[in-house]
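Okay, so the sequence shown: first residue is 0 according to numbering that gives the first Met the number 0, each after it adds one.
By construction, the Cβ of each residue, glycine as well, lies at the ideal position given by its N, Cα and C atoms.
Computed from a predicted structure; not experimentally measured.
Worksheet: one structure, shown below.
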Amino acid sequence: MRNRIQSAFAGVHAEAALKERTIEMIYAPAKRHRRANPLIWAAACLVLFLGLGSGLFFIPVSAIGIEINPALRLKINRFDIVVGVEAINKDGKRIIEETNLMFSEYSEAIDTLLADPRMQEYFEQGKDMEIYVECDDEQRCNQMLKRVEGCVGKEGNVTCHAGSGAGHGHSAGKQSGGQHCKHHRHRGGSEE
0 MRNRIQSAFA GVHAEAALKE RTIEMIYAPA KRHRRANPLI WAAACLVLFL
50 GLGSGLFFIP VSAIGIEINP ALRLKINRFD IVVGVEAINK DGKRIIEETN
100 LMFSEYSEAI DTLLADPRMQ EYFEQGKDME IYVECDDEQR CNQMLKRVEG
150 CVGKEGNVTC HAGSGAGHGH SAGKQSGGQH CKHHRHRGGS EE
């Protein structure tokens with residue numbers, strides 16, 4: 000068979016090296032079709048997972064309102080991470096512009112706020128702070144309330160309470176749906 004192919008190419012005017020390579024290619028074993036690299040599949044799955052998961056990451060499922068004079072609201076995702084910060088007044092806006100609270104765990108964000116020298120001035124002046132946990136899930140609401148109370152410790156005059164829906168109706172503006180799932184007061188380190 001090799002002789003027949005060689006004789007067929009004998010009449011073709013091409014360089015000998017080109018003829019030889021062509022014949023070698025004809026007799027070379029056929030290459031198998033490659034399967035997609037498993038790493039490519041893993042990377043594609045990771046991109047898909049992160050794409051869908053990031054949507055869940057940025058959806059707030061609860062909020063924590065903090066009022067003393069700076070009034071602000073932390074929006075918390077299902078992983079207890081701050082994914083939004085909203086200023087309720089000018090002082091709150093100044094605080095959030097100068098303090099990085101985004102993407103921190105909410106109890107760390109509260110600790111950061113309480114340690115802020117401007118907030119400490121309000122405590123020294125004897126001002127009251129209100130912390131309101133908003134959440135539609137009663138169990139989550141109670142867990143968050145306990146953690147918030149742990150953050151405030153014996154810090155000044157602090158009132159902590161929780162409710163479902165958007166029941167925080169002070170300077171944040173009156174809103175409907177504020178059914179309380181639990182009401183708890185914490186003043187100067189002692190429970191009432």
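task = Look at N157 and L144 and say whether their C-beta atoms are less than 8 Å apart.
result = Per the sequence presented here, residue 157 reads as Val, with Asn not at that position. Taking the C-beta atoms as reference points, L144 is found no nearer than 8 Å to V157.
request  = In angstroms with no decimal places, state the Cα-to-Cα distance between A42 and Y105.
outcome  = Their Cα atoms are separated by approximately 31 Å.
request  = Could you please give the first and the last residue of the uninterrupted beta strand (DSSP E) stretch that includes A86?
outcome  = Where A86 is concerned, the enclosing beta strand (DSSP E) stretches over V81 to A86.
ask   = What number of angstroms, rounded off, separates the C-alpha of I67 from the C-alpha of D127?
value = When only Cα atoms are considered, I67 and D127 end up about 6 Å apart.
message = With H, G and I counted as helix, E and B as strand and the rest as coil, what does DSSP make of N68?
response = Correct three-state label for N68: coil.
query = Going by the beta-carbon positions, is the gap between N76 and V82 smaller than 8 Å?
reply = Contact: yes.
key: Option in W40, H160 and L73 with minimal Cα separation from A108   = Comparing Cα positions, the closest option is L73.
request  = Report yes if the C-beta distance between I22 and Q5 is below 8 Å; otherwise report no.
outcome  = Contact: yes.
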